[in-house]
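**Q** Under the numbering used here, the residues of the sequence shown are numbered -7 to 462, in order.
Yeah, the Cβ is synthetic: ideal placement off N, Cα and C, and Gly gets one too.
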Amino acid sequence: MSEQARRRPHKPYRRPQKDPVRMLAFEALRAVDERDAYANLVLPPLLKKAREKGDFDGRDAALATELVYGTLRRQGTYDAIISACVDRPLREVDPPVLDVLSLGAHQLLGTRIPTHAAVSASVELARVVLGDGRAKFVNAVLRKISQQDLDAWVEQVAPPYDEDAEDHLAVVHSHPRWVVSALWDSLGGGRAGIESLLAADNERPEVTLVARPGRITTEELAAGAETEPGRWSPYALRMAEGGEPGAIEAVKEGRAGVQDEGSQLVAIALANAPVEGSDTRWLDGCAGPGGKAALLGALAAERGAFLLASEKQPHRARLVERALAGNPGPYQVIAADGTRPPWLPGSFDRVLMDVPCSGLGALRRRPEARWRRRPEDLDGFAPLQRALLTEALSAVRVGGVVGYATCSPHLAETRVVVDDVLKKVGGAELIDARPLLPGVPELGDGPDVQLWPHLHGTDAMYLALLRRTA
């Protein structure tokens, strides 16, 4: 060793500092990646635990939530940018390292956190969870990313729109290419519409409450929370940003709930559809987790009607029981398979069948679903969706109405299913759902209805109403 090296002061080892906010965000992302968990299920208990330990205040919780959801929403864009800054394919980067890089990229490109703070906090996180060696790699990559803003990076990594429109939109708006193509087919129209829809998918959705009729009014619910009226549903209230629905007494007691306005409109439209003859027996044939069943049950109670809520999975049936507990009218919850139902044909006046689907209509709420779903998944849902709608038409009496609903705008899960079943079953007709959503604009040519995040501020719920004629 040279004399100069011996004289150079030796830097003492510094233990990496744990940042509770970024540690929690990293832990949530690892759960999503490793266990196929959903952020909206993983994050609340992590936040609750952090609050109980005294690590978090409200601002910390808000930042952690933004880091998790923002990173997941923009994952496709960030992957393209990170890929341009590393010397190997992304598949060869260890997933935990990629999670730290993505969190850092979001802080640099998607928040107002100062550049030096975003880099240093991410490197410190890497030291804690990855070790010093890989922290140096994280530091080098993030310093490259920090040299340009998001717009400049997107211009560099996205192919020109004129050369490949779908791939351009996929990178710019962080959606898989096949999802861009499917949504564009469903939406129709030109570039402006699909860009607005994809952008809306990347916005933080509002928290919407439902005041369950007969149990609480919107005025009473508004008195206990900072809210604004809903846009379309007479039972909806929109919470102020940062509001905590679980802290509201009416929500704790089940008199109100958290429910997207699109879901409320589906239940309201079915309840108000004209039927011929009696109107005393209603069925929710895919009732889990219970939001629509709770609203339907309350609406049925106002008319003295009975609601049967059926859900195949026993654990989800228990969630339905919890949602309906205290309903003012008669109801029953059972665990049953809607494709092999225990009820007799023609037993009901109204039937709701909100079928299992790809969930492409709720990408604002479950951003990770866009990366988890594959085009072939739709082939798996198709037979079940057709079977459930077929059995729903069997369950309703002549003159009664079936509502076929799905939280997906994909044509293969919406109009194609309805058209196929109508051709096969016979004895049923579509009725116009649009007049049953009064005041809601841009509902298309009908008779079915497709709601959109960018047009209506709701999840992309689909509804077709069918009347049994023979």
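1. Is it right to say HIS108 is buried, meaning 16 or more other beta carbons lie within 10 angstroms of its own, or is it exposed?
2. With DSSP as the reference, label GLN324 as helix, strand or coil.
3. Given this structure, state the Cα-to-Cα distance separating ASP412 from HIS446, to the nearest angstrom.
4. Rounded to whole angstroms, what's the CA-CA distance from GLN9 to VAL133? Just pull it up for me.
5. Can you look up VAL199 in the DSSP assignment and give me helix, strand or coil?
6. Compare the beta carbon distance of TYR396 and VAL417 with 9 Å and say whether it is the shorter of the two.
7. Can you tell me which of the three DSSP states THR210 falls into?
8. From PRO439 to ALA97, what distance separates their C-alpha atoms?
9. DSSP state of LEU414, grouped into three classes?
10. Going by other Cβ atoms of all chains shown within 10 Å of its Cβ, with 16 needed for buried, is ASN194 buried or exposed?
11. SER400 to ARG204, Cα distance in whole Å?
12. Let's test the definition: count the other Cβ atoms within 10 Å of the Cβ of GLY431 and tell me whether it reaches 16, buried, or not, exposed.
13. Going by CA-CA distance only, name the one from GLY419, ARG51, ASP86, PRO322 that's closest to GLU26.
14. Answer with buried or exposed for ASN264, where buried requires no fewer than 16 other C-beta atoms within 10 angstroms of its C-beta.
15. Would you list the one or two residues that DSSP bridges to TRP274?
16. Is there a C-beta anywhere in chain C that falls below 9 Å from the one on VAL199?
17. Starting from VAL163, trace the alpha helix (DSSP H) both ways and give me its first and last residue.
18. Express the C-alpha separation of CYS278 and LYS45 in angstroms, rounding to a whole number.
19. What does ILE423 pair with, by DSSP beta-bridge criteria?
20. By how many angstroms is the C-alpha of VAL115 removed from the C-alpha of ALA(-3)?
**A** Taking the definition as stated:
1. The residue in question, HIS108, is exposed, as its Cβ has fewer than 16 Cβ neighbours within 10 Å.
2. Reduced to three states, the DSSP call for GLN324 is strand.
3. Computed Cα separation, rounded: 29 Å.
4. Note on geometry: alpha-carbon atoms of GLN9 and VAL133 lie some 21 Å from one another.
5. If DSSP states are grouped into helix, strand and coil, VAL199 belongs with coil.
6. No; because the gap between Cβ atoms is not below 9 Å, this pair is not in contact.
7. THR210 falls in the helix class under three-state DSSP.
8. PRO439 and ALA97: Cα-Cα distance of roughly 45 Å.
9. The answer is helix: DSSP assigns LEU414 an H, G or I state.
10. Its Cβ being crowded by 16 or more others within 10 Å, ASN194 is buried.
11. Cα to Cα, the separation comes out at about 25 Å.
12. Counting Cβ neighbours within 10 Å, GLY431 comes out exposed, since fewer than 16 surround it.
13. It is ASP86 whose Cα lies nearest to the Cα of GLU26.
14. Under this definition ASN264 is an exposed residue.
15. LEU299, ARG342.
16. You won't find chain C in this structure, because it holds only one protein chain.
17. Element bounds for VAL163: 157 to 165.
18. Going from the Cα of LYS45 to the Cα of CYS278 covers about 39 Å.
19. LEU457.
20. Bear in mind that the predicted position of ALA(-3) carries a pLDDT of just 48, short of 50, making it unreliable; the figure below should be weighed with that in mind. Cα to Cα, the separation comes out at about 27 Å.
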